[in-house]
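According to the working numbering, the stretch in the sequence shown is residues 293 to 520, in order. Here is the structure we will look at.
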Amino acid sequence: MSETLDVLEKRWRGACRILFGAEACGLEECKEWLSGLTEPISHHRSSISSKEVISAPTDYCKSAKTFMLALAFMLMYAYLAEFIKLSAIVGAFIAGIVLNRSRHLKEIEDKTYGLEMLFMPIFFISLGMLVDVHALVEFAVPIVIITLIAFASKLIPCALASVLAGLRQKEAIAVGIGMAPRGEVALIVASLGLTTNVLTAGQYSIISAMALLTTFMVPPLLSRALKK
293 MSETLDVLEK
303 RWRGACRILF
313 GAEACGLEEC
323 KEWLSGLTEP
333 ISHHRSSISS
343 KEVISAPTDY
353 CKSAKTFMLA
363 LAFMLMYAYL
373 AEFIKLSAIV
383 GAFIAGIVLN
393 RSRHLKEIED
403 KTYGLEMLFM
413 PIFFISLGML
423 VDVHALVEFA
433 VPIVIITLIA
443 FASKLIPCAL
453 ASVLAGLRQK
463 EAIAVGIGMA
473 PRGEVALIVA
483 SLGLTTNVLT
493 AGQYSIISAM
503 ALLTTFMVPP
513 LLSRALKK
């Protein structure tokens, strides 16, 4: 491996001498400029092994295959959900729960991070553009009532289940508060209702406001519950 790096370094120096002209800029200046490029190679030469060089592309291929299998698994569940007249989000959600326990979870998360950063803003912006701003003022009271019902309907059952599971009261309340938000699934279901004319624009706006409020309520309440 050391001999290979020596050959690469010599060829690199020769190529740079031709491209940049050692005579024009001075041989010493060219050597000084090249030393900055080749120093990392010389510094790490003793620590690089042929096994590491070979395993790097192999690991990348395995990671890519894992990502493709996970994507196919998710799409299969989404298709099955649509096939039995459910929303594709239901199947994708179930697939996510299954993959969350996979030993390849870290690889999948690393591969999907870029897609998440690309499509997540588009997703929330597209849903937000469907909200009728005037309806938020018109239906302020229903929004508050539905938000409280939605929050309590998740907090109480989750807290009771936590108590039955053996958690202390403080921990059970914290679990209930943490489970209370209505997030992206509620927004997707509401958008499907709007596009299929099951919900009106006002009703969609109420549900969107409820999902937003329940999400914003959790951090301060959870922080207070954990401090008790």
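For glycine and all other residues, C-beta sits at the position ideal for the given N, C-alpha and C.
Extent of the continuous alpha helix (DSSP H) run through residue i
i, result
"Gly420", "Leu397 to Gly420"
"Ile381", "Ala380 to Leu391"
"Phe443", "Ala432 to Leu456"
"Ser483", "Glu476 to Thr487"
"Ser515", "Ala493 to Lys519"
"Ile465", "Gln461 to Gly470"
Given residue i as reference, the closest of the options once Cα atoms are compared
i, options, result
"Ser483", "Tyr369, Pro512 and Ala503", "Ala503"
"Leu372", "Gly383, Leu363, Ala364 and Ala362", "Gly383"
"Glu463", "Leu518, Ala444 and Ala442", "Leu518"
"Ala442", "Arg395, Ile469, Ala453 and Glu399", "Ile469"
"Ser355", "Thr404, Gly458 and Ala453", "Thr404"
Alpha-carbon spacing of residue i relative to residue j, whole angstroms
i, j, result
"Pro332", "Ser515", "At Pro332, the pLDDT of 46 sits below 50, so the modelled position is not reliable; the number obtained from the coordinates is stated separately. Cα to Cα, the separation comes out at about 47 Å."
"Thr492", "Leu378", "21 Å"
"Ala451", "Ser418", "34 Å"
"Pro473", "Pro449", "13 Å"
"Gly420", "Ile480", "11 Å"
"Thr439", "Leu505", "7 Å"
"Val535", "Arg460", "Any question about residue 535 goes unanswered here, given that the chain covers just 293 to 520."
"Ala370", "Pro512", "35 Å"
"Ala501", "Pro413", "18 Å"
"Ala362", "Leu391", "8 Å"
"Leu456", "His426", "44 Å"
"Arg393", "Gly406", "21 Å"
"His396", "Asp424", "42 Å"
"Thr488", "Asp402", "35 Å"
Presumed contact (8 Å Cβ cut-off) between residue i and residue j, rounded CB distance
i, j, result
"Leu446", "Met471", "The sequence given here places Lys at residue 446; Leu does not occur at that position. Between Met471 and Lys446 the Cβ distance is about 5 Å, and since that is below 8 Å, they are a contact."
"Pro434", "Ile498", "6 Å"
"Ile381", "Val477", "6 Å"
"Leu486", "Leu422", "6 Å"
Min CB distance residue i to chain D below 7 Å
i, result
"Leu504", "This model lacks chain D altogether, as it is built from one protein chain only."
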